[in-house]
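Protein chains: 2
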Amino acid sequence: MDEKTVSKFIESWGTMGSVWGINASMARIHALLIVSERPLSLDHIAKTLRISRGNASMCLKELRNWGVVRLVKEPGDRQDYYVTEPDVWKMFFAIARERKRREFDPVLTVVRETLSPLHKGASDIVRLRLKQMEDLLTTLNFIAERSLTNDKRARSVLSFLSRFVRKKNLKE
Amino acid sequence: MDEKTVSKFIESWGTMGSVWGINASMARIHALLIVSERPLSLDHIAKTLRISRGNASMCLKELRNWGVVRLVKEPGDRQDYYVTEPDVWKMFFAIARERKRREFDPVLTVVRETLSPLHKGASDIVRLRLKQMEDLLTTLNFIAERSLTNDKRARSVLSFLSRFVRKKNLKE
DNA sequence: TTCTTAATTCAGTACATTCTAAATGTATCA
DNA sequence: TGATACATTTAGAATGTACTGAATTAAGAA
Chain H
1 MDEKTVSKFI
11 ESWGTMGSVW
21 GINASMARIH
31 ALLIVSERPL
41 SLDHIAKTLR
51 ISRGNASMCL
61 KELRNWGVVR
71 LVKEPGDRQD
81 YYVTEPDVWK
91 MFFAIARERK
101 RREFDPVLTV
111 VRETLSPLHK
121 GASDIVRLRL
131 KQMEDLLTTL
141 NFIAERSLTN
151 DKRARSVLSF
161 LSRFVRKKNL
171 KE
Chain C
1001 MDEKTVSKFI
1011 ESWGTMGSVW
1021 GINASMARIH
1031 ALLIVSERPL
1041 SLDHIAKTLR
1051 ISRGNASMCL
1061 KELRNWGVVR
1071 LVKEPGDRQD
1081 YYVTEPDVWK
1091 MFFAIARERK
1101 RREFDPVLTV
1111 VRETLSPLHK
1121 GASDIVRLRL
1131 KQMEDLLTTL
1141 NFIAERSLTN
1151 DKRARSVLSF
1161 LSRFVRKKNL
1171 KE
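Protein chains in written order, with my numbering: chain H, 1 to 172; chain C, 1001 to 1172.
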């Protein structure tokens, strides 16, 4: 594999990371592990990506929390080695699930708490908007909730959806 | 409508904004317009939310770009007044569409460009991962692309999806 | 136990984003 | 035309986020 292409890949995956809300260092580490056949040590990762060992350590901890990388030990070696979770899709769902839980759910609760009392004393127009917001949030939450319960289901939802939009397209 | 509840709603919608990638001021302005029956002037908005007129101006410009608010003129009045797009769902799709176009699409192009040359000289294991990444990105892009072409379709995809996951849940 | 090597934590720094307020631009009115 | 009333732009301040590197902790080896 060409050195230069590998690094271009790593950088672009870093940018993609920030698109869906994980920071660039995390995504770059992840990309590096994806193109590496063998487990890599923290030291190796930090050196290759020119980031501090401290930062690498924190990112890897976080990536383990997301369920995206795994730590492997080699007998007779004190260093920790890291490998990527082999299934990329599974990984994607893990991230989606985590982000929903950490960011969406808590805010959803608060928004909902305020939405219902607002209905009182609101004009019809405003009430309609609030109702729509409530429905939108409920639908999104419902879909995410049910889709992400497990990876198998998530996958089947995605593939189904993919077929559905293709069919839709032919019709119109 | 209770003053206090309104402001709690505005703040929590602000937080929700940052979850899906629009900044807090923008989301707060948006929330304020949602609970307001009548169009509001820039000055009124800035005063109510305790933000500078400059900031309000920039946020409103951006919200107009997203297709989320609209400017209305009142005859015999020099001020600009703003109203929210009445259909909350439509608005949500507009945001999704814009974010995809601005952020996801450009990165997707770059990642794809690097993915294919990487295949050469990669081990089977790595090649499998790269293939999976490609498939995942393609599927996501495909779904988003097709779903978001127009609001009517987007809505039907969502409602269909919602029914699908409900059925799935009963079965298992 | 102490020595050694590696991982982790964290205070401070660098960088990025968001916001303010003053300056500038624009349209309407007298 | 100049004066007025508003909107917009922008330089720099404030705030927030990510990162570094030194200090600390942990754990295997002697």
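Just so you know, even glycine gets a beta-carbon here, dropped at the ideal spot from N, CA and C. Just so we're clear, the structure is a prediction, and the values are computed from it rather than from any experiment.
Please list the terminal residues of the continuous alpha helix (DSSP H) segment that includes residue i.
i, result
"H/Val-35", "Where H/Val-35 is concerned, there is no enclosing alpha helix (DSSP H), given that its DSSP letter is neither H nor E."
"C/Asp-1105", "1105–1119"
"H/Asp-151", "151–171"
"C/Asp-1002", "Note, C/Asp-1002: premise wrong, no alpha helix (DSSP H); not H, not E."
"H/Asp-87", "Unbroken run through H/Asp-87: none, as it is neither H nor E."
"C/Ser-1147", "1124–1147"
"C/Lys-1100", "It is not in any alpha helix (DSSP H) - C/Lys-1100 carries neither H nor E in the DSSP assignment."
"H/Ser-52", "No alpha helix (DSSP H) contains H/Ser-52, which DSSP labels as neither H nor E."
Residues in the same chain with beta-carbon distance under 8 Å from residue i, minus the five sequence neighbours each way, listed in chain order, please.
i, result
"H/Leu-130", "Leu-115, Leu-118, His-119 and Ala-122"
"H/Ser-57", "Leu-42"
"H/Arg-97", "Leu-148"
Who are the Cβ neighbours of residue i in its own chain at under 7 Å, not counting the five residues just before and after it?
i, result
"C/Met-1016", "Ala-1027"
"H/Val-111", "Leu-137"
"C/Ile-1125", "none"
"C/Asn-1141", "Leu-1108"
"C/Ala-964", "The first residue shown for chain C is 1001 and the last is 1172, placing residue 964 of chain C beyond what the model contains."
"C/Ile-1034", "Thr-1084"
Any beta carbon of chain H sitting closer than 8 Å to that of residue i?
i, result
"C/Thr-1048", "no"
"C/Arg-1101", "no"
When you compare the CB of residue i with every CB in chain C, is at least one pair closer than 8 Å?
i, result
"H/Lys-171", "no"
"H/Pro-16", "Residue identity differs from the one stated: residue 16 of chain H is Met in this sequence, not Pro. Closer than 8 Å to some Cβ of chain C, the Cβ of H/Met-16 qualifies, so yes."
"H/Val-157", "yes"
"H/Glu-98", "no"
"H/Ile-34", "yes"
"H/Ile-29", "no"
"H/Ile-125", "yes"
"H/Pro-26", "It is worth fixing the name first, because residue 26 of chain H is Met in this sequence and not Pro. For H/Met-26, the answer is no, since every Cβ of chain C falls outside 8 Å of its Cβ."
"H/Pro-117", "yes"
"H/Glu-92", "Going by the sequence as given, residue 92 of chain H is Phe instead of Glu. Yes, because at least one Cβ of chain C sits closer than 8 Å to the Cβ of H/Phe-92."
"H/Pro-86", "yes"
"H/Val-257", "Because residue 257 of chain H is not part of the residues shown, which for chain H are 1 to 172, the question remains open."
Note the first and the last residue of the continuous beta strand (DSSP E) segment covering residue i.
i, result
"H/Lys-73", "69–73"
"C/Asp-1179", "Because chain C in this structure spans residues 1001 to 1172, residue 1179 of chain C falls outside the shown range and cannot be described."
Taking 6 Å as the limit between beta carbons, can you name the residues of its chain near residue i, skipping five residues before and five after?
i, result
"C/Lys-1090", "Asp-1151"
"H/Trp-13", "Ala-27 and Ala-31"
Short-range partners of chain C found in the segment 54–78 of chain H, where Cβ spacing is below 7 Å: none
Within 8 Å of chain H by C-beta, residues of the segment 1001–1012 of chain C in sequence order: Met-1001, Asp-1002, Thr-1005, Val-1006, Lys-1008, Phe-1009 and Ser-1012
Alpha helix (DSSP H) runs contained entirely in the segment 11–49 of chain H, provided each spans 4 or more residues: 24–34 and 42–49
Residues of the segment 135–165 of chain H with Cβ closer than 7 Å to any Cβ of chain C, in chain order: Leu-136, Thr-139, Phe-142, Ile-143, Arg-146, Ser-147, Arg-153, Val-157, Leu-158, Phe-160, Leu-161, Ser-162, Phe-164 and Val-165
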